[in-house]
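All residue numbers for the sequence shown refer to the working numbering, where the first residue is 7 and numbers rise by one.
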Amino acid sequence: MIIPEMLEGPQKVTWCTGCGNFGILAALKKAIIELDEPLHNIVLTSGIGCSSKIPHYVGGINSLHTLHGRPIPFATGVHLANTDLKVIVHTGDGDCLAEGLGHFIHAARRNVNLAVLIHNNGVNGLTKGQYSPSAPRGYISNTSPPPPGAPMDPVNPTALAIIAGATYVARGFSGDQKGLVVLMKEAITHEGFAVVDILQPCVTWNRQLTWKYYNEHTYSLQENGHDVTNRFQAMEKAMENGDRYPVGVFYRSSSPHLAAGLALPEKGNLKNHTNDLKDVQKIIDDLML
Ligand SMILES: Cc1ncc(C[n+]2csc(CCOP(=O)(O)OP(=O)(O)O)c2C)c(N)n1
Ligand code: SF4
Ligand SMILES: [Mg+2]
């Protein structure tokens with residue numbers, strides 16, 4: 007049994023008071039406790055950003071705080087080395103939808119068995135509030151002053167994930183703890199590429215997409231008779247824009263994930279291979295020639 011003390015992080019949390027990341031951290035810990043998976047089987051990767059500091063705040067599991075835009079390739083490597091692991095990616099909207107966008111699309115297309123949790127706050131929080139690829143058209147920030155504010159439509163991570171081939175696509179809200187825990191558990195246990203776009207207020211830089219705004223503009227997909235197996239209906243809901251944000255599961259399907267279709271080594275998972283240092287020495291010697 008996992009108890010909260012086992013997940014105490016090694017470092018003091020440095021997020022601003024009131025930041026939506028607190029809700030995501032609390033939901034993640036609750037999801038891990040409820041899943042009751044041995045902690046050594048859980049690996050968390052993150053990029054760079056306020057959101058990507060999360061590995062420092064969760065203890066007991068294995069974590070990799072990687073490079074900006076790159077948590078998905080690191081996670082893919084971890085997964086292919088040991089397909090028994092549950093690999094979770096924490097990434098910001100800047101991290102995932104700007105520098106990391108190519109990785110996101112191709113990992114979805116490959117249906118890599120990962121749970122990608124996007125802390126979506128519409129800004130590059132860590133670097134002082136520049137508008138991110140998910141900021142709405144017209145959004146005003148220090149890098150998108152009026153007029154016209156952000157001069158283009160945002161990247162839509164849920165619609166993009168569905169069209170690129172992700173097999174579990176959902177949206178959560180960091181203010182809806184109960185709903186978020188359910189989505190995280192489903193994403194982590196899903197066999198294939200799972201995405202949860204998490205609406206996360208940044209109280210310091212984003213004065214438009216606030217707690218109040220999301221409380222008033224989100225509604226439940228599942229309470230409104232949505233069919234998660236219908237890809238076209240899922241796209242329609244994911245593309246719903248304006249002032250209403252559907253929250254819940256958009257799409258779920260089952261198809262072979264990347265590791266199932268790859269020519270993996272005969273001995274199976276890399277973790278099963280013995281380290282023969284003689285082989286390593288031979289490679290070094292060859293390179294030194
Ligand atoms: C390769 C590289 N490019 C750019 C940066 C600068 N940088 C650091 S964090 C960041 C954006 C963070 O935004 P987001 O991913 O949305 O995270 P948030 O802080 O909002 O949680 C950028 C551009 C960097 N550190 N490394
Ligand atoms: S800058 Fe924004 S995203 Fe970063 S910790 Fe502060 S409130 Fe959270
Ligand atoms: Mg951000």
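Cβ coordinates follow ideal geometry from the N, Cα and C atoms, glycine included.
Query                                                                                                                             : Result
Length of the line joining the Cα atoms of residue 366 and residue 277                                                            : For the chain, the structure presents residues 7 to 295; residue 366 sits outside this window and is missing.
Sheet register partners of residue 224 (DSSP bridge)                                                                              : 251
Top-ranked residue by Cα proximity to residue 226, from 212, 27, 62, 185                                                          : 185
Beta-carbon contacts of residue 146 that lie in its chain and below 7 Å, excluding the five residues immediately before and after : 152, 155
Residue 148 - DSSP class collapsed to helix/strand/coil                                                                           : coil
Element boundaries [beta strand (DSSP E), containing residue 233]                                                                 : Where residue 233 is concerned, there is no enclosing beta strand (DSSP E), given that its DSSP letter is neither H nor E.
Candidates 90, 112, 122, 40, of which the one nearest residue 99 by Cα                                                            : 122
Same chain, Cβ closer than 8 Å to residue 39, neighbours up to 5 away in sequence not counted                                     : 8, 9, 10, 13
Residue 178: CB within 7 Å of a non-hydrogen atom of ligand 1                                                                     : no
Sheet register partners of residue 205 (DSSP bridge)                                                                              : 126, 179
Beta-carbon spacing of residue 142, residue 160 below 8 Å                                                                         : yes
Limits of the beta strand (DSSP E) - the one that residue 162 falls within                                                        : Careful: residue 162 lies outside any beta strand (DSSP E) and carries neither H nor E.
Given residue 57 as reference, the closest of 255, 113, 124 once Cα atoms are compared                                            : 124
Cβ pair residue 65, residue 24 closer than 8 Å                                                                                    : no
Classification of residue 297 by the beta-carbon crowding that lies within 10 angstroms, buried from 16 upward                    : Past the boundaries of the shown model lies residue 297; the chain is included only from 7 to 295, so the question cannot be answered.
Cβ shell of residue 114 (< 7 Å), same chain only, five flanking positions each side left out                                      : 167, 170, 171, 172, 199
Residue 45 versus residue 144: straight-line alpha-carbon distance, rounded                                                       : 44 Å
Residue 138 CB to nearest heavy atom of ligand 3 below 7 Å                                                                        : yes
Nonlocal neighbours in the same chain, by C-beta distance under 7 Å from residue 261, ignoring five residues either side          : 117, 173, 198
Residue 96 beta carbon near ligand 1 (any heavy atom closer than 7 Å)                                                             : no
Any non-hydrogen atom of ligand 2 within 7 Å of residue 132 CB                                                                    : yes
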